[in-house]
Ligand code: PGA
């Protein structure tokens, strides 16, 4: 059966890799997916390797994402990076609202919205992360939490903006823990996200790509991708090996 949406897999390298290591990994990923036609593939190196990796991957099938951005274009914001600067070094996407940003760096829903809208203004595709903690899941608050994060993240976006957004559902309890959401748990939330977006724009919702993230591995991606509303993966630990990331992309796009 043909998929409703083109699969998208993004490797999130987090705080890992020198320029040389990042180039080696990016090159292996590029070579590994060279013959693949059925999926979009991106990697998100650290800031210091973005330019070199984007140059290396130029004109190939793998695009480059940043892991975060600021919302202002320029000015006295020591240490921040503007979306236009990311576009300038060759990025096509930027991850915003990752739970590590929210939990370790106090990033609030309002900031995620500002970042996503700034990314869109600079021509970048925001990959907006939402996800509940284990305590929220245990308390039966999963869908309420997702709704609040999603509504805040896409507030004040035009339909044109929304059409360029990717959402990633990343349950916090599944990130880096080896404990992935079951396909059924992922599908429940992905379906909920799509239905919620449909209340904003019915024509856009069926086109929205919703990635799953949280302990994605070569041996669990097929079952996740078999769910109707799972359109790809945001992959952390398993994307640090080209061999496992390429297997995830291949298994996932064949599912
Ligand atoms: P993980 O991370 O695959 O290592 O669980 C996913 C993410 O944080 O995006």
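In the numbering used here, the protein residues as written are -8 to 246.
A virtual CB, placed ideally from N, CA and C, is assigned to each residue, including glycine.
Can you tell me the Cα-Cα spacing of residue i and residue j, whole angstroms?
i           : j           : result
residue 47  : residue 13  : 10 Å
residue 189 : residue 23  : 36 Å
residue 32  : residue 69  : 32 Å
residue 220 : residue 195 : 14 Å
residue 129 : residue 10  : 41 Å
residue 226 : residue 76  : 24 Å
residue 57  : residue 155 : 16 Å
residue 144 : residue 216 : 25 Å
residue 99  : residue 93  : 6 Å
residue 80  : residue 65  : 16 Å
residue 117 : residue -4  : 17 Å
residue 160 : residue 67  : 33 Å
residue 200 : residue 140 : 17 Å
residue 25  : residue 173 : 30 Å
residue 84  : residue 55  : 7 Å
residue 103 : residue 109 : 10 Å
residue 123 : residue -6  : 27 Å
residue 115 : residue 131 : 35 Å
Give me whichever residues DSSP pairs with residue i in a beta bridge.
i           : result
residue 151 : Partner(s): none; residue 151 has no beta bridge.
residue 203 : 160 and 224
residue 84  : 56 and 116
residue 243 : Paired residue(s): none; residue 243 is not in a bridge.
residue 121 : 160
Please list the terminal residues of the continuous alpha helix (DSSP H) segment that includes residue i.
i           : result
residue 79  : 74 to 79
residue 255 : Coverage of the chain is limited to positions -8 through 246, which leaves residue 255 absent and any answer about it impossible.
residue 183 : 174 to 191
residue 20  : 10 to 23
residue 65  : Premise fails: residue 65 is in no alpha helix (DSSP H) and is neither H nor E.
For residue i, does the count of other Cβ atoms within 10 angstroms reach 16, so buried, or fall short, so exposed?
i           : result
residue 218 : buried
residue 230 : buried
residue 241 : buried
residue 91  : buried
residue 106 : buried
residue 150 : exposed
residue 210 : exposed
residue 29  : exposed
residue 252 : Because the chain is modelled from -8 through 246, residue 252 falls outside the range shown and cannot be assessed.
residue 101 : exposed
residue 162 : buried
residue 193 : exposed
Which residues mark the beginning and the end of the beta strand (DSSP E) in which residue i is found?
i           : result
residue 54  : 53 to 57
residue 262 : Shown here, the chain extends from -8 to 246; a query on residue 262 therefore has no answer.
residue 2   : -1 to 3
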